[in-house]
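Peer 1: If you scroll down you'll find the structure; I have some questions about it.
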Amino acid sequence: MAITSRGYEGTIDYEDWAIVTSHFGSQYSVFGADAFSAAAGASDREVVLQPGRAAGHGILDDSDATISVVGGTVATGSRWDLIALRRNWATGATTPVIIAGSAAKAIPARENDPGEEKDDQPLWLARFSAGQTAVQELVDLRCWFGDGGMVAKDLLARDYLTRIGTRIRIQGISWMLAFDGATPAWVPDSVYVGATAPPYFPNLGWLKVP
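What the sequence shown shows, in this note's numbering, is residues 186 to 395, in sequence order.
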C-alpha cells in the first residue's frame, strides 16, 4: 500500500495545485467511478479498497495499489463501521482507517478538524456480524465533484456533507442543504416551477404523474 499526498505543508507544486483547486467547490470527492471502490477480501473481516485518487480540504491523495482494512470482532448482533481516509496535518500523511460504529446504520463520530489536526473522509459503511468472517454489507458513501456540482450513490452521504448550500444528486433526485424555517435541512432542489412540479413525499422522492 502506498498513498502519496500533496497539499500538506511544503508538498505541492503547480501541477498538483491545478488539480487540487479544481475540487475546492466540495469538502470531499473521489476521482473516477472505481476510485476507492470496496469489496470483501479473502481474510477474516477484510475489506479491500481499489487504487484511486481522492481530495479533501486542500489535500490530494493518490493510492497506487489495493488497500486492505480489517474490521474488529463483533460480540453479538451486527455493527456498522466507517471506512475512511484519515488526513493528519501534524504528520503530513493520509491513511485508511476503520472507525467502530454501532448497531445503527449511521455514520459514527469521526475526526473532523481539517487543517488543524485530523479529518476523516467517509468512503464506506461496512456491516460486520457476530459469528461471520466476511463483511456482510457495504454502503457507498463516496461523492464525486464535477463542474455542475456533486453526485453520490446513497442518501447517507448527505449526513457528512454539512455546508449550507450544498447541492448533490443521488438516485435521480437533486438535493440542497437549505433552511427549513430556522433549521438547515435537506430538501429537493427541483427545476420544476409551480403547477408543473410532480408531488414530492419525504423518503420517496419525486413521484411521476401520469
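Glycine included, each C-beta is placed from N, C-alpha and C at the ideal position.
Keep in mind that this is a model prediction, so the values were computed, not measured.
Based on DSSP bridge pairs, tell me the residues matched to F330.
Peer 2: Partner(s): M335.
Peer 1: For the beta strand (DSSP E) that contains V320, what are its first and last residues?
Peer 2: Counting along the chain, V320 falls outside any beta strand (DSSP E), and DSSP gives it neither H nor E.
Peer 1: Consult DSSP for T279 and reduce its assignment to one of helix, strand or coil.
Peer 2: T279 falls in the strand class under three-state DSSP.
Peer 1: How big is the Cα-Cα spacing for K290 and A319?
Peer 2: Each residue's Cα considered, the two are about 18 Å apart.
Peer 1: Beta-carbon within less than 8 Å of G379's beta-carbon, same chain only, minus the 5 sequence neighbours each way: which residues are those?
Peer 2: Low per-residue confidence applies at G379: pLDDT is 48, beneath 50, and the placement is therefore not dependable, though the value from the model is reported in the following sentence. For G379, where only same-chain residues beyond five positions count, there are no Cβ hits under 8 Å.
Peer 1: Quick one: Cα of E194 to Cα of E301, how far?
Peer 2: Rounded to the nearest angstrom, the two C-alpha atoms are 12 Å apart.
Peer 1: Given that a residue counts as buried once 16 or more other Cβ atoms are within 10 Å of its Cβ, and exposed if not, what is S248?
Peer 2: Looking at its Cβ environment, which holds 16 or more other Cβ atoms inside 10 Å, S248 is buried.
Peer 1: Who are the Cβ neighbours of F330 in its own chain at under 7 Å, not counting the five residues just before and after it?
Peer 2: Counting only Cβ-Cβ distances below 7 Å, and skipping sequence neighbours, we find H208, G210, S211 and S214.
Peer 1: Buried or exposed: where does I349 fall if 16 or more other Cβ atoms within 10 Å of its Cβ makes it buried?
Peer 2: Looking at its Cβ environment, which holds fewer than 16 other Cβ atoms inside 10 Å, I349 is exposed.
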